[in-house]
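This report concerns only the one structure given below.
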Amino acid sequence: GDSVTQMEGPVTLSEEAFLTINCTYTATGYPSLFWYVQYPGEGLQLLLKATKADDKGSNKGFEATYRKETTSFHLEKGSVQVSDSAVYFCAFETSGSRLTFGEGTQLTVNP
Amino acid sequence: NAGVTQTPKFQVLKTGQSMTLQCAQDMNHEYMSWYRQDPGMGLRLIHYSVGAGITDQGEVPNGYNVSRSTTEDFPLRLLSAAPSQTSVYFCASSYTQGVEKLFFGSGTQLSVL
Numbered sequence: 002g003d004s005v006t007q008m009e010g011p012v013t014l015s016e017e018a019f020l021t022i023n024c025t026y027t028a029t030g031y032p033s034l035f036w037y038v039q040y041p042g043e044g045l046q047l048l049l050k051a052t053k054a055d056d057k058g059s060n061k062g063f064e065a066t067y068r069k070e071t072t073s074f075h076l077e078k079g080s081v082q083v084s085d086s087a088v089y090f091c092a093f094e095t096s097g098s099r100l101t102f103g104e105g106t107q108l109t110v111n112p
Numbered sequence: 007n008a009g010v011t012q013t014p015k016f017q018v019l020k021t022g023q024s025m026t027l028q029c030a031q032d033m034n035h036e037y038m039s040w041y042r043q044d045p046g047m048g049l050r051l052i053h054y055s056v057g058a059g060i061t062d063q064g065e066v067p068n069g070y071n072v073s074r075s076t077t078e079d080f081p082l083r084l085l086s087a088a089p090s091q092t093s094v095y096f097c098a099s100s101y102t103q104g105v106e107k108l109f110f111g112s113g114t115q116l117s118v119l
């Protein structure tokens, strides 16, 4: 069935380090792909998305590229900040009315 | 603009009790949905609605009821609470009838004893 596999957390980095959070998916066809972020005590917010193969989504210094051949959508940031500490969720559009989410990856950035 | 408002933020129930989690949005969004978030499992869709008067089941609908009498409101009812329903519940909405960009509320932490 449809599923998302995310890199296990938690991830702890120092400020200005490079970040990669891996995400792979199993789905029928070529769904739209998303990264959502959840800051402490808040609901999820859309961070970036890509709707077709080779598209690159980007926002706030984060990037992810839709790789059809590896069914992956890895999240990257060149230099993380303390304010990036949050839980990151990879997701894809299962149908027009629902998303399938990964289990989330907790990121902690230390000064 | 308040966005998506969920109440209450925290709730403790005893097994067998019923309650309603409230969700309201002021963005005139057609699509609304309820997710539950459990450790190690991400978010799972409970019910969703693509417009007033229309609801449908998601991945984990058992034990929950919804209705959509207005565009703004989408309450989630727990009919007879069970410990397995201990979770964080999120309401989300979107201006289209799909999930292109979901706006989430801040969540309701529910504990069933």
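Chains C and D, in that order, are what the protein sequence lines are.
Residue 2 is where the first sequence starts when you use my numbering, and the numbers rise one by one after that.
Residue 7 is where the second sequence starts when you use my numbering, and the numbers rise one by one after that.
Note that CB positions come from ideal geometry on N, CA and C, so glycine has one too.
Bear in mind the structure is a predicted one, so any value in this text is a computation, not a measurement.
Next item on the list: Check the C-beta distance from Leu116/D over to Gln17/D and give it rounded, since I have them as a contact under 8 Å.
Entry: 5 Å
Next item on the list: Please list the partners that Phe90/C has in chain D, where partner means a Cβ-to-Cβ separation under 8 Å.
Entry: Gly48, Leu49
Next item on the list: Ignore the nearest five residues each way along the sequence and tell me which others in Ala88/D's own chain have a CB closer than 7 Å to its CB.
Entry: Thr21, Gly69, Val118
Margin query: Tell me the DSSP secondary structure of Asp56/C in three-state form.
Written below: coil
Next item on the list: Check whether the region 89-99 of chain D touches the region 35-51 of chain D, taking contact to mean three or more Cβ pairs, one atom from each stretch, closer than 8 Å.
Entry: yes
Notebook entry, point to check: Cβ of Lys15/D less than 7 Å from any chain C Cβ?
Noted result: no
Next item on the list: Quick one: which residues of the region 105-118 of chain D get their C-beta closer than 9 Å to a C-beta of chain C? List them in chain order.
Entry: Val105, Glu106, Lys107, Leu108, Phe109, Phe110, Gly111, Ser112, Gly113
Check: Run through DSSP, which three-state label would Asp62/D get?
Finding: strand
Checklist line | Pairwise C-alpha distance: Val83/C and Gln91/D | finding: 34 Å
Checklist line | Nearest candidate by alpha-carbon position, reference Ala18/C, set Ser80/C, Asn111/C, Pro112/C | finding: Ser80/C
Item checked: N-terminal and C-terminal residue of the beta strand (DSSP E) that His53/D is part of -> 48-57
Note to self: So that I know if they touch, is there some Cβ in chain C lying closer than 7 Å to that of Tyr54/D?
What the structure shows: yes
Note to self: Counting only C-beta atoms, is Ser4/C closer than 7 Å to chain D at any point?
What the structure shows: Not an interface residue.
Checklist line | Supposed close pair Thr101/C, Thr109/C - CB separation, criterion 8 Å | finding: The C-beta distance from Thr101/C to Thr109/C rounds to 26 Å, too long to fall under 8 Å, and the pair is not in contact.
Check: Looking only at its own chain, which residues have a Cβ that is under 7 Å from the Cβ of Asn60/C, when we skip the five neighbours before and after it?
Finding: Leu48, Leu49
Next item on the list: Just the C-alpha distance for Tyr37/C and Phe90/C, rounded to the nearest angstrom, thanks.
Entry: 5 Å
Next item on the list: Determine which residues of the region 58-77 of chain D have a Cβ less than 8 Å from any Cβ of chain C, and write them out in chain order.
Entry: Asp62, Gly64, Glu65
Item checked: Any C-beta of chain D under 7 Å from that of Phe102/C -> yes
Check: Mind listing which residues of the region 79-98 of chain D have their C-beta closer than 8 Å to chain C's C-betas, in chain order?
Finding: Phe96, Ala98
Next item on the list: Measure the beta-carbon distance from Cys29/D to Phe80/D and round it to whole angstroms, keeping in mind my assumption that it falls under 8 Å.
Entry: 5 Å
Note to self: Run through chain D and tell me which residues come within less than 9 Å of Glu43/C, C-beta to C-beta.
What the structure shows: Here the neighbours are Phe110, Ser112, Gly113.
Next item on the list: May I ask you to report which of helix, strand or coil DSSP gives Asp79/D?
Entry: strand
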